[in-house]
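Asks: Residue numbers (the numbering used here): 228 to 586.
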Ligand code: ATP
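(1) With distances taken from CA atoms, which of 526, 242, 278, 465 is nearest residue 385?
(2) With DSSP run on the structure shown, which of helix, strand or coil describes residue 442?
(3) Out of 292, 360, 461, point me to the one whose CA is closest to residue 321's CA.
(4) Between the C-alpha atoms of residue 570 and residue 431, what's the straight-line distance to the nearest angstrom?
(5) How would you label residue 387, buried or exposed, when you count the other beta carbons within 10 angstroms and need 16 or more for buried?
(6) Who sits around the ligand ATP, taking every residue whose Cβ is closer than 6 Å to one of its heavy atoms?
(7) Who does residue 238 pair with in a DSSP beta bridge?
(8) Exposed or buried, which one is residue 425 when buried takes at least 16 other CB atoms within 10 Å?
(9) For the beta strand (DSSP E) containing residue 481, list its first residue and its last residue.
(10) Buried or exposed: which applies to residue 418, given that a residue is buried once 16 or more other Cβ atoms fall within 10 Å of its Cβ?
(11) Using only CA atoms, which one of 231, 310, 427 lies nearest to residue 257?
(12) So the beta strand (DSSP E) residue 418 belongs to, where does it begin and stop?
(13) On the DSSP bridge assignment, give the partners of residue 468 in chain order.
(14) Out of 532, 467, 531, 474, point me to the one whose CA is closest to residue 552's CA.
(15) Please classify residue 573: is it buried, with 16 or more other beta-carbons within 10 angstroms of its beta-carbon, or exposed?
(16) Starting from residue 556, trace the beta strand (DSSP E) both ways and give me its first and last residue.
(17) Quick check on DSSP: helix, strand or coil for residue 424?
What follows is the structure, encoded as structure tokens:
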């Protein structure tokens with residue numbers, strides 16, 4: 228097993244003018260489950276493929292343990308990769324698929340059989356070893372792809388959106404299985420997804436990428452509670468954090484007339500800042516309550532355990548501000564209702580009103 232280090236790694240594809248990955252600095256601990264997350268095109272797969280050796284590095288170094296593998300052949304990196312499409316050999320049985328890499332490596336037949344049987348036991352594939360991939364369900368194929376990685380006992384697992392071909396329910400079940408399997412095996416794992424829920428639930432730490440640039444790498448709770456910038460704040464969490472550009476006033480910032488306290492240190496000499504409030508930190512109250520900002524409910528999403536209230540506020544300057552709040556499922560307001568929204572200002576985040584949007 229081993230740690231992984233991206234040391235100022237840059238990738239610029241020929242014919243493009245912006246790096247797909249830019250000066251990436253990231254250290255992944257031995258045994259850690261690290262998730263790379265971000266919107267489409269942010270450089271997640273390219274980072275993973277460079278680590279796998281499937282893509283050249285233009286600048287910087289990649290280390291596995293203490294070994295500089297930047298120019299090492301993929302087959303000599305001691306990694307196993309699970310792809311989105313599983314890349315199973317259609318003419319081989321499940322057992323042959325799982326053992327193929329070992330066979331190529333010249334491992335004796337009886338050892339291969341033992342290791343395949345052990346992986347099949349862990350993944351509950353024992354009844355399917357003689358079947359061809361086309362006779363398996365999507366979830367079973369996914370497990371065969373995992374099994375093929377496990378039997379090699381590599382130093383590192385790399386997974387590129389391995390759940391994206393499964394239906395929603397199976398995806399939720401499988402993400403728990405993968406996370407607990409990884410914890411049991413203790414193999415350093417880098418996992419790519421565009422799904423922030425998958426990232427939050429699976430990763431020991433989550434690295435958020437945007438436009439090829441690492442925005443923040445932290446434990447899920449820290450990303451959620453202390454996002455480094457406006458982008459991370461808006462990306463992690465569903466429904467997304469409410470982010471509103473507001474004027475700085477005496478003693479704080481003005482959110483549709485409600486003063487969110489902020490020190491001069493926090494807001495500096497700026498005229499405006501962006502206030503961020505998570506939906507669960509906004510209380511929805513009846514219109515006749517003493518506190519809160521008057522709003523009109525546009526849409527209610529009932530989820531059984533809770534309700535998402537999409538509403539809008541008209542600011543003193545006449546601007547419309549769309550807001551989403553989480554409400555108790557037992558008595559949500561109705562579409563068209565006039566309500567009051569009371570943000571917990573002690574939980575509000577302040578970001579610079581700029582492209583970087585730093586906290
Ligand atoms: P997705 O979630 O859509 O797979 P991603 O975050 O994995 O996205 P990458 O596949 O790493 O993104 O791509 C990063 C950027 O590099 C994108 O702008 C993409 O268009 C570009 N890119 C990827 N592969 C190549 C290539 N072979 N040639 C040129 N540009 C490429």
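Don't be surprised by glycine CBs; every beta carbon is placed ideally from N, CA and C.
Replies: Quick look at the numbers:
(1) 278
(2) strand
(3) 360
(4) 30 Å
(5) buried
(6) 240, 243, 247, 265, 267, 268, 269, 270, 271, 272, 273, 421
(7) 248
(8) buried
(9) 479-482
(10) buried
(11) 231
(12) 415-420
(13) BP columns for residue 468 are empty, so no partner.
(14) 467
(15) exposed
(16) Note, residue 556: premise wrong, no beta strand (DSSP E); not H, not E.
(17) helix
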